[in-house]
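**Student:**
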Amino acid sequence: MSRVAVLAGVGSCLPPRAVSNAELAERLGSSDEWIRSRTGIGQRYFAAPGTATSDLAVGAGERALKSAGESTVDIVIVATTTPDRPCPGTAPTVATRLGFADVAAFDVAAVCTGFVYGLANAAGLIAAGIADRVLLIGAETFSSILNPHDRSTSVIFGDGAGAVVLRAGTADEPGAIGPFDLGSDGTGRDLITVRAGGSYQRLSGVTPGDDEHFFEMAGKEVFWRAVQRMSGSTRAVLDRAGWRAGDVDRLICHQANLRILHRLADELGIPRDRAIGNITEVGNTAAASIPLAMDHAHAAGTLRPGDRIVLTAFGGGLTWGSTVLTWPDIDRA
Amino acid sequence: MTSMYDKLVDLLVARFEVDRAEIKPGITFEDLEMDSLFLVELLLVIQTDLGVKISEDTASPRDTIERAAELIEEQVAAATPS
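Top to bottom, those sequences are chains C and A. What the first sequence shows, in this note's numbering, is residues 7 to 339, in sequence order. What the second sequence shows, in this note's numbering, is residues 69 to 150, in sequence order.
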């Protein structure tokens, strides 16, 4: 039987400080009720000064390794929108800090779809025999790129990290990852973006405005596309897996916005209470959101061995992707 | 009023927690405190319910419910050639 990637451990890490809606609303002329009714978010976590994405990534990685009972891996992948530096990638720093000398390490840049793209990378590396064990971490300090005056984005995003350990196994095992559905559409690059800081701006000869160093998002356009791309991608991956919507025990969707999650569940004909969510407690943590939601649900006992699970995400690029697995019997970190 | 208007009213009450007594043909989405995010969600529901592709820009929060119903009907008619 061919080699596939199998989920062996999961962990997460949040910075200590929770930021309430009330705290943000005061500055933005908004309200707790306004934020909750539009996003479903009640609070998010912001990293303290002196913290970087690698700090949260290391915390989540350590817990995932403990959950998997592994002391080392062959490859470390970090999915992030907010790397420690524009260059180099954050994964080598994380690998070194976890004590893995000389292992391969690289970042995946697919914004909120980064974790699902990272899973596809890890699955391919394992299937090809290039690695036996991969640590995949979705990590963000999104607060570092938020525009403090933008009411629409600064209440949505938060910081955090989630990680999984994947090992080589067989397709009939619980925890086997796949099949996948992945896609992108570069015509939407302006809808979710940081305009300044890359080669396009640096070589344009134009000095960027202050706001162009911050993250911006076209909320309405993103809502419209997110629901349709995630529902299309989920249907495609269910078809490839030979599952029907009714077979899905848990839908773990990128925690973008509670209204998007509910709309997606309705479109797919999956009862809303099967959609796993922690957006009320942590906000949208971009590439970290799926493994963070997965770890919180695992810790709460919401994910039971044998549960048939769909993961689906949509993010900047535009990018989207989905995969499936049956929840394995793994330890809580 | 048209059946599309009635459908919009039912959706606003059932899915968006709008008080039926507040809804009148001449009232706008803005008057009901429904911004562009709510409107795009409403259009997604309609698109799925009717099984036709409509545009995300079909209506704006400044449109009245009556006008939005007309605009959606125009799109539905264009999407299903007789």
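Every residue gets a Cβ at the ideal spot worked out from N, C-alpha and C, and that includes glycine.
Going by DSSP in three states, C/Gly289 sits in which element: helix, strand or coil?
**Tutor:** Looking up residue 289 of chain C in the first sequence gives position 283. It is coil, neither helix nor strand.
**Student:** Could you give the distance in angstroms between the alpha-carbon of C/Arg62 and the alpha-carbon of C/Arg69?
**Tutor:** Here residue 62 of chain C refers to the residue found at position 56 of the first sequence. Here residue 69 of chain C refers to the residue found at position 63 of the first sequence. Per the sequence presented here, residue 62 of chain C reads as Leu, with Arg not at that position. About 11 Å.
**Student:** Within the same chain, show all residues whose beta-carbon is closer than 7 Å to that of C/Phe233, passing over the 5 residues directly before and after it, in chain order.
**Tutor:** Walking along the first sequence from the start, residue 233 of chain C turns up at place 227. Position check: residue 233 of chain C holds Val in this sequence, whereas Phe was assumed. Hits under 7 Å: Ile266, Arg269, Leu270, Glu273.
**Student:** Would a C-beta distance cut-off of 8 Å place C/Ala111 and C/Val122 closer than the cut-off?
**Tutor:** The count along the first sequence starts at 1 and reaches residue 111 of chain C at position 105. The count along the first sequence starts at 1 and reaches residue 122 of chain C at position 116. Their beta carbons are not under 8 Å apart, which means C/Ala111 does not touch C/Val122 by this criterion.
**Student:** If the criterion is Cβ atoms closer than 8 Å, does the pair C/Phe220 and C/Val200 meet it?
**Tutor:** For the purposes of this step, residue 220 of chain C is taken as residue 214 along the first sequence, with counting starting at 1. For the purposes of this step, residue 200 of chain C is taken as residue 194 along the first sequence, with counting starting at 1. Yes. Within cutoff.
**Student:** Grab the span of the alpha helix (DSSP H) containing C/Phe229 for me, first residue to last.
**Tutor:** Residue mapping note: residue 229 of chain C aligns to position 223 of the first sequence, counting from 1. Unbroken alpha helix (DSSP H) run through C/Phe229: 225-247.
**Student:** Taking C-beta pairs closer than 7 Å, name the residues in chain A that C/Gly225 reaches, listed in chain order.
**Tutor:** On the first sequence, position 219 is the one that residue 225 of chain C refers to. What C/Gly225 touches in chain A: Leu105.
**Student:** Buried or exposed: which applies to C/Cys93, given that a residue is buried once 16 or more other Cβ atoms fall within 10 Å of its Cβ?
**Tutor:** Position 87 of the first sequence holds residue 93 of chain C. Exposed, by the Cβ-count rule.
**Student:** Residue range of the beta strand (DSSP E) that C/Glu146 falls in?
**Tutor:** Translated into the one-based positions of the first sequence, residue 146 of chain C becomes position 140. That run of the beta strand (DSSP E) goes 139-147.
**Student:** For a contact meaning CB atoms closer than 8 Å, what does C/Trp230 contact in chain A?
**Tutor:** On the first sequence, residue 230 of chain C is found 224 positions in, with the first residue counted as 1. Ordered by position in chain A, the residues that pass the 8 Å Cβ test against C/Trp230 are Val108, Leu111, Leu112, Glu124.
**Student:** Anything in the stretch 242-276 of chain C with a Cβ closer than 7 Å to a Cβ of chain A? List those residues in chain order, please.
**Tutor:** Flagged, chain order: Arg265, Arg269, Glu273.
**Student:** Mind listing the chain A neighbours of C/Val233? Cutoff is C-beta to C-beta under 7 Å, in chain order.
**Tutor:** Taking the first residue of the first sequence as 1, we reach residue 233 of chain C at position 227. Leu112, listed in chain order.
**Student:** Does the Cβ-Cβ distance between C/Thr332 and C/Pro98 come in under 8 Å?
**Tutor:** Position 326 of the first sequence holds residue 332 of chain C. Position 92 of the first sequence holds residue 98 of chain C. No. Outside cutoff.
**Student:** What three-state label does DSSP hand C/Trp333 in the structure shown?
**Tutor:** Against the first sequence, residue 333 of chain C aligns to sequence position 327. In this structure, C/Trp333 counts as coil in the three-state DSSP scheme.
**Student:** On the three-state DSSP scale, how would you describe C/Thr193?
**Tutor:** Reading the first sequence from its first residue, position 187 is the one you call residue 193 of chain C. Of the three classes helix, strand and coil, the one that applies to C/Thr193 here is helix, per DSSP.
**Student:** How big is the Cα-Cα spacing for C/Gly175 and C/Asn284?
**Tutor:** Residue mapping note: residue 175 of chain C aligns to position 169 of the first sequence, counting from 1. Residue mapping note: residue 284 of chain C aligns to position 278 of the first sequence, counting from 1. So the alpha carbons of these two residues sit roughly 30 Å apart.
**Student:** Going along the stretch 114-146 of chain A in order, which residues come within less than 8 Å of chain C, judged by CB to CB distance?
**Tutor:** Hits within the stretch, in order: Thr116, Glu124.
**Student:** Can you tell me the Cα-Cα spacing of C/Asp138 and C/Ile132, whole angstroms?
**Tutor:** The residue labelled residue 138 of chain C in the question sits at position 132 within the first sequence. The residue labelled residue 132 of chain C in the question sits at position 126 within the first sequence. Approximately 6 Å between the Cα atoms of the pair.
**Student:** Helix, strand or coil: how does DSSP classify C/Leu71 here?
**Tutor:** The count along the first sequence starts at 1 and reaches residue 71 of chain C at position 65. Three-state DSSP puts C/Leu71 in a helix.
**Student:** At a CB-CB cut-off below 9 Å, which residues of chain A make contact with C/Arg44?
**Tutor:** Here residue 44 of chain C is taken as the residue at index 38 of the first sequence, counted from 1. Within 9 Å Cβ-Cβ: Asp103, Leu105, Phe106.
**Student:** Throw me the rounded Cβ distance for the A/Val120 and A/Ala147 pair, which I believe falls under 8 Å.
**Tutor:** Locating residue 120 of chain A in the second sequence gives position 52, where the first residue counts as 1. Locating residue 147 of chain A in the second sequence gives position 79, where the first residue counts as 1. Indeed, because the Cβ distance is near 4 Å, the residues count as touching under 8 Å.
**Student:** Span of the beta strand (DSSP E) holding C/Asp113?
**Tutor:** The count along the first sequence starts at 1 and reaches residue 113 of chain C at position 107. Counting along the chain, the beta strand (DSSP E) containing C/Asp113 begins and ends at 110-114.
**Student:** By alpha-carbon positions, which one of C/Ile162, C/Ile143, C/Phe106 ends up nearest to C/Gln49?
**Tutor:** Along the first sequence, read from residue 1 onward, the residue named residue 49 of chain C stands at position 43. Nearest C-alpha to C/Gln49: C/Ile162.
**Student:** Helix, strand or coil for C/Gly130 per DSSP?
**Tutor:** Mapped onto the first sequence, residue 130 of chain C falls at position 124. Note: C/Gly130 maps to helix in three-state DSSP.
**Student:** Note down, in chain order, each residue of its chain lying with its Cβ closer than 6 Å to the Cβ of C/Leu20, except the 5 sequence neighbours on either side.
**Tutor:** Position 14 of the first sequence, counted from the first residue, corresponds to residue 20 of chain C. These residues qualify, in order along the chain: Tyr51, Gly166.
**Student:** Report the CB separation of C/Leu257 from C/Arg280 in whole angstroms; it is logged as a contact under 8 Å.
**Tutor:** Reading the first sequence from its first residue, position 251 is the one you call residue 257 of chain C. Reading the first sequence from its first residue, position 274 is the one you call residue 280 of chain C. Sure, about 6 Å apart at Cβ, within 8 Å.
**Student:** Between A/Arg135, A/Ser71, A/Leu139, A/Arg130, which lies nearest to A/Glu101 when the distance is taken from Cα to Cα?
**Tutor:** Sequence index remark: in the second sequence, residue 101 of chain A carries index 33 (1-based). Selected option, being the one with the closest Cα: A/Arg130.
**Student:** Within 10 Å of its beta-carbon, does A/Ser150 have 16 or more other beta-carbons around it, so buried, or fewer, so exposed?
**Tutor:** Indexing the second sequence from 1 puts residue 150 of chain A at position 82. In this prediction, A/Ser150 has a pLDDT of 49, which is less than 50 and means its spatial position is unreliable; what the coordinates show is noted afterwards. Its Cβ having fewer than 16 others within 10 Å, A/Ser150 is exposed.
**Student:** If you follow the alpha helix (DSSP H) that A/Arg63 is in, where does it begin and where does it stop?
**Tutor:** As displayed, chain A neither begins before 69 nor continues past 150, which places residue 63 of chain A out of reach and without an answer.
**Student:** Got a sec, what are the start and stop residues for the beta strand (DSSP E) C/Thr176 sits in?
**Tutor:** Counting from 1 along the first sequence, the entry for residue 176 of chain C is found at position 170. Per DSSP, C/Thr176 belongs to the beta strand (DSSP E) from 165-176.
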